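Student: Protein chains in written order, with our numbering: chain A, 28 to 327; chain B, 28 to 327; chain C, 28 to 327; chain D, 28 to 327.
There are 4 protein chains.
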Amino acid sequence: MMQRVGLIGLGTMGGPMAQNLVKKGYPVTVFNRTAAKAEPLARLGAAVASSPAEVARASDVVITMLTADAAVLEVILGPGGVREGLQPGKVVVDASTVSPDTSRRLATALAELGVEFLDAPVTGSEPQAIAGQLTFMVGGKREVFDRVQPLLLAMGKQAFYMGDSGAGSQTKLANNTLAAINLLAFAEALVLATKAGVDPQVFLQVVASGGARSGMAENKGPKVLARDFRPQFMTALMHKDLTLANRMAESLGYPHPMLDLAKNLLQAAIADGWGEEDSCAVVKCYERWAGLEVIPQAQA
Amino acid sequence: MMQRVGLIGLGTMGGPMAQNLVKKGYPVTVFNRTAAKAEPLARLGAAVASSPAEVARASDVVITMLTADAAVLEVILGPGGVREGLQPGKVVVDASTVSPDTSRRLATALAELGVEFLDAPVTGSEPQAIAGQLTFMVGGKREVFDRVQPLLLAMGKQAFYMGDSGAGSQTKLANNTLAAINLLAFAEALVLATKAGVDPQVFLQVVASGGARSGMAENKGPKVLARDFRPQFMTALMHKDLTLANRMAESLGYPHPMLDLAKNLLQAAIADGWGEEDSCAVVKCYERWAGLEVIPQAQA
Amino acid sequence: MMQRVGLIGLGTMGGPMAQNLVKKGYPVTVFNRTAAKAEPLARLGAAVASSPAEVARASDVVITMLTADAAVLEVILGPGGVREGLQPGKVVVDASTVSPDTSRRLATALAELGVEFLDAPVTGSEPQAIAGQLTFMVGGKREVFDRVQPLLLAMGKQAFYMGDSGAGSQTKLANNTLAAINLLAFAEALVLATKAGVDPQVFLQVVASGGARSGMAENKGPKVLARDFRPQFMTALMHKDLTLANRMAESLGYPHPMLDLAKNLLQAAIADGWGEEDSCAVVKCYERWAGLEVIPQAQA
Amino acid sequence: MMQRVGLIGLGTMGGPMAQNLVKKGYPVTVFNRTAAKAEPLARLGAAVASSPAEVARASDVVITMLTADAAVLEVILGPGGVREGLQPGKVVVDASTVSPDTSRRLATALAELGVEFLDAPVTGSEPQAIAGQLTFMVGGKREVFDRVQPLLLAMGKQAFYMGDSGAGSQTKLANNTLAAINLLAFAEALVLATKAGVDPQVFLQVVASGGARSGMAENKGPKVLARDFRPQFMTALMHKDLTLANRMAESLGYPHPMLDLAKNLLQAAIADGWGEEDSCAVVKCYERWAGLEVIPQAQA
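1) Look at the alpha carbon of Ala239/B and the alpha carbon of Gly72/A, and state the distance between them as a whole number of angstroms.
2) With H, G and I counted as helix, E and B as strand and the rest as coil, what does DSSP make of Ala325/B?
3) Which partner residues of Val120/B appear in the DSSP bridge assignment?
4) Please decide whether Trp301/A counts as near chain B, where near means a Cβ-Cβ distance under 8 Å.
5) Near Ala65/A, what residues of its chain come up, given a Cβ to Cβ distance below 8 Å and the 5 sequence neighbours on each side ignored?
6) My understanding is that Gly112/B touches Ala83/B, with C-beta atoms under 8 Å, so please give their C-beta distance in whole angstroms.
7) Tell me, please, which residues DSSP counts as bridged to Leu23/A.
8) Could you tell me whether the region 287-298 of chain B touches the region 248-258 of chain B, using the rule of 3 or more Cβ pairs below 8 Å?
9) Within this structure, are the beta carbons of Gly119/D and Asp96/D separated by less than 8 Å?
10) At 4 residues or longer, what runs of the alpha helix (DSSP H) sit wholly inside the region 245-314 of chain C?
11) Any residues in the region 210-230 of chain D with a beta carbon nearer than 8 Å to a beta carbon of chain C? Which ones, in chain order?
12) Whose CA, out of Ala235/B, Ala308/B, Ser130/B, Gly159/B, lies closest to the CA of Ala263/B?
13) Would the beta-carbon of Val175/A fall within 8 Å of that of Leu145/A?
14) Measuring only between beta-carbons, confirm whether Ala327/D sits less than 8 Å from chain C.
15) Would you check if the distance between the CB atom of Ala244/A and the CB atom of Phe213/A is smaller than 8 Å?
16) Helix, strand or coil for Gln185/D per DSSP?
17) Tell me which residues share the same chain as Leu179/D and place their Cβ nearer than 6 Å to its Cβ, disregarding the 5 neighbours each side in the sequence.
18) By how many angstroms is the C-alpha of Asn291/C removed from the C-alpha of Met261/C?
19) Reducing DSSP to helix, strand and coil, say where Val49/D ends up.
20) From Gly183/D to Leu252/D, what distance separates their C-alpha atoms?
21) By Cβ distance below 8 Å, which residues in the same chain neighbour Glu101/D in space, the five residues on each side in sequence not counted?
22) Could you work out which residues of chain C lie near Thr270/A, taking near to mean beta carbons separated by less than 8 Å?
23) Does the region 228-236 of chain A come close enough to the region 207-224 of chain B to have 3 or more Cβ pairs within less than 8 Å?
24) With a threshold of 16 other CB atoms inside 10 Å of the CB of Met40/D, please say whether the residue is buried or exposed.
25) On the criterion of 16 or more Cβ atoms from any shown chain inside 10 Å, does Asp173/B qualify as buried, or is it exposed?
26) Which residues mark the beginning and the end of the beta strand (DSSP E) in which Gly166/D is found?
27) Is Ala63/B buried or exposed, if buried means 16 or more other CB atoms sit within 10 Å of its CB?
28) For Ala206/D, decide whether its Cβ has a neighbour in chain A, counting only Cβ atoms nearer than 8 Å.
29) Tell me Val3/B's beta-bridge partners as DSSP assigns them.
30) For the alpha helix (DSSP H) containing Pro127/A, name the first residue and the last one.
31) Give every residue of the same chain whose Cβ lies closer than 8 Å to the Cβ of Ile35/C, excluding the five residues on either side of it in the sequence, and list them in chain order.
32) Rounded C-beta distance between Gly237/B and Gly242/A? I'm assuming under 8 Å.
33) Could you tell me which residues DSSP puts in a beta bridge with Ser22/B?
34) So, are the CB atoms of Leu166/B and Gly151/B less than 8 Å apart?
35) From the DSSP output, in three-state form, read off Thr198/B for me.
36) Cutting at 7 Å between CB atoms, please list the residues of its own chain near Lys51/A, excluding the five before and the five after it.
What follows is the structure in structure tokens.
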């Protein structure tokens, strides 16, 4: 018999995730603070609950997909929260990007109720969420991971077991640190080439053909050249992730100067007004410095 | 009739490049300061000259593949150099990584003799040189590029025309800046994950599966985990390239803080004794800081 | 009639501060977790209490001088803490270096009891504490500042009113950020000159004579040349202050790259084993990088 | 008998230096490319030469005070230059800020003529030049230093002998690196305090009273608060000095991340349009980032 699944947080990521669960035949109960976002799910056949606690009562596994540590703590441990509807044997899976400390705190709090907890953040953004092609990085007990893995694979292409509670969040922050620095590197190098007079379109081809290639150059290069800064992943969110990663690196006690410089450059992009745009808008800080009005468009 | 080709500089890169030319049927004349390195080429059928000038006399196109600006200037413009053996209509192609200023200076000096010059540095290291899979980035006149392109494709998989003299070198420096920062990003993020307790082997898989992926993570990750620091591209050479890129960025007058921080971290790696090792040895600076004796080996 | 004063935390700073109060004739009650540290004060005539609450009962003004946010919160708000011994009209003055958020939280918590709170961190280290030459930076109500100012001037040479609750802590963190970056600047420049072959002793004189002069060069230069790394202000504490300053700058939402780079370099010094030494030991990171065994001693 | 002195370069610094020499009774011959700048000196009694060579013929000691390496090389070694008017036993003193390599090159070139050379850059800006309060940092032979020291002290308050040729320039660059980083530290910390709500005027007093004090905070703080960005030392010149210092640090082979970050921030200030203003205008980059329209003036 299929597990009954609850999903709380129906934003850009959580909405498509819930839809994929419904489409794969899982009995799904959803909740979103702004109720209107639950309507598409209701039309697909999902039950709509009136509180996180009610979601928990109706589900064997509760998934949360929210934007920040405070929201996750409130939805799970706050009044009317998931905790109030839980019983021993149930599982809570947090797919949000939060600090490893928050993940461990939730695991400890729920263990007192005999409830299992997994931190299971994802890589991929809206297109991957819609396509069911997310990658999950999971911390917690391995047997619990094994139990919910089919559920995760209903929403994603891969699920990696990373270790004890918090290991999923740790992996996510290290991964996003790498992505963010790669993005800054791309922005800085693209402006270096363009300012020198190199055709940016050809530069992208050169980059793609050799050791300098990266997911960021591949994904963001065409967006930058097309001057398309509509958010896939907002500058402000990337900055938030680096803030969490900075806390993690500090607590581990080793120097992490690239991370911190990238964080400052994203902060500069936010100060310049690009916080709500896609993170690749950081290139506009460099363009302003370099006196490049815009990077010329290939087809224009 | 096939162009007669000269190749000067038979090191890690130039040696295999010359071999590929011979194998493709080009009449090849070679020169190397340390004569012993010419022997394998002689056995394959290449002529061995006693000076760069003699190479130039015997060739329609002269290719140089050397390690630094000073060596290129000496071999082409110095006593007994290529210039002394040139005649109008011949072409000199410098595949070394040098500053755009050096490229332009060579183009100007040779133009006075009616000789064409292309700056044509490559991406790829020893394995790509052996496999004939290099990528050339070329600056100079387009018709000269068109004329030597078949020759370049005898050594590489692609040749991009980038613009006027110097544009090849500019592209190369911007490309290597990107690769170097991506490498530092990978080193910093790998140690972040590993120090937190994440299995580095699984971390590599996570990285490869999403937006944080990069050529550097892909190429260097397995080397780091296998503790294999034999040089494909030495830390000292990567540092040298960033020094040239720093000059170029300075002359363009825009801030380039990631480049400069990466340069300093490579300098720290050299100070720690890793200058002659592969550039991925920079991870050992982070490991020392983090108190990680070694990143555990996958198979150990 | 003189105010009865309590002082909690008799370390390097708090001990001499309490002694100065006693010497100026204030009736003083002290408490320290490690009781032995109270003995010198008892011999001078101070009363020794058995808990923070007891200090509060015996005092009109309670001063805390502790090492971190958690300790301050525990001593004031925890069980047996200052709060339990307070009555309306009393004043609590925290001279510790803590985050502005902690200062504001304490002000709010004590206001509920009708008790006034000032955040009043100091500049100066052990010698200034002994000499009664500290400088206080004070946040809270101005009339409360006016009331306790004579008391502060019994321990210091100056007391600045900085604004509402938290403004003292904010000033302290901005001030220490400046001091820390100046120290790193000095370390980097001293090694630059010394590695070039300049006599460091003469370099100090040059620095002192012009626009590059700083309190850090003046205080730490002779210590470095004498290889005297005994702590006046430990590397680990300076790093802690920059961690707090980083939080503050993040919450204000502007880039602060010098602060963050300095923080990383202090972290490297801690990783190299200099956390418990004076902060000027960060010069040893640069010396190691530069291959300077030691900066030569003036008299050796 | 007093030495006959030549002074070439009558700008902001060289003009007052020449005036002080005349006032102290030295027979002075001057030259400036823009002849009008020589008129005030002529009125004071100086001879005006028509070329650097003519200055050299008329003088025992020739002082150059120019803005960049290229100008110094041209004036001394170029056609019509100082070299053409020299004879064995004469002394050339370069007070410009140039790279140590340029200093050594000049020393070598002039030694061939039996002429002594000192590199003798100064600290202090226009007010110190007028007041005869400069500090000289001198590289070259000690006996030559001893011979010209009285001359230097006619223009300055101090002259330090730093070592062999180049040591004066090395000291100057290390000193200016320190000053520049201290300035950036001050800008960053001032905006941190001001953005938090602290009165910047009181913040300056706090800084001046403790370990965070610096020549830069003292000199530039009041200028910033008065919004007086008229150049004492232009942002573009400070950036130029850090570019030379970066070259020097690179050649010494040790990491110098604070220097490089400061250089990038000054580059950002130039990009923002503050290159011709006083270097303290870098604070406006931070103010823009922080959304501080202006730092409020105390008295306004």
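A virtual CB, placed ideally from N, CA and C, is assigned to each residue, including glycine. Values in this document were obtained by computation on a predicted structure and should not be read as measured data.
Tutor: This is what the structure gives:
1) One C-alpha to the other measures close to 36 Å.
2) The pLDDT assigned to Ala325/B is 44, lower than 50, so where the model puts this residue is not dependable, and the model offers no usable value.
3) Ile90/B, Leu145/B
4) no
5) Leu37, Val57, Phe58, Asn59, Ala73, Val75
6) 3 Å
7) Summary: the structure shown does not reach residue 23/A, with chain A confined to residues 28 through 327, and so no result is reported for it.
8) At 8 Å Cβ cutoff, the stretches do not touch.
9) Going by the sequence as given, residue 119/D is Val instead of Gly. Contact: no.
10) Complete alpha helix (DSSP H) runs here, min 4: 262-279, 284-298.
11) Per Cβ criterion, the list reads Leu211, Ala212, Phe213, Glu215, Ala216, Leu217, Val218, Leu219, Ala220, Lys222, Ala223, Gly224, Val225, Asp226, Val229, Phe230.
12) Ala308/B
13) yes
14) For Ala327/D, the predicted model reports a pLDDT of 38, less than 50, meaning its position is unreliable; a value from the coordinates is still stated below. Taking Cβ atoms only, chain C never reaches closer than 8 Å to Ala327/D, which makes this a no.
15) yes
16) strand
17) Exclusion of the five residues before and after Leu179/D leaves Phe163, Ala186 as the residues of its chain whose Cβ lies within less than 6 Å of its Cβ.
18) Going by the C-alpha atoms only, they are around 15 Å apart.
19) helix
20) 30 Å
21) Gly108
22) Glu277
23) Result no; under three Cβ-Cβ pairs closer than 8 Å.
24) buried
25) When all chains shown are included, Asp173/B counts as exposed.
26) 161-166
27) exposed
28) no
29) Residue coverage of chain B in this structure runs from 28 to 327, which leaves residue 3/B outside it and unanswerable.
30) 127-138 is the extent of the alpha helix (DSSP H) around Pro127/A.
31) Gly41, Val57, Phe58, Asn59, Pro79, Val82, Val89, Ile90, Thr91, Met92, Leu93, Val102, Val109
32) 7 Å
33) Any answer about residue 22/B is impossible in this case: the structure gives chain B only from 28 up to 327.
34) The question names Leu, but residue 166/B in the sequence shown is Gly. Result no, Cβ atoms of Gly166/B and Gly151/B do not sit closer than 8 Å.
35) helix
36) Leaving aside the five residues that flank Lys51/A on each side, the residues in its chain whose CB is nearer than 7 Å to its CB run, in chain order, Ala181.
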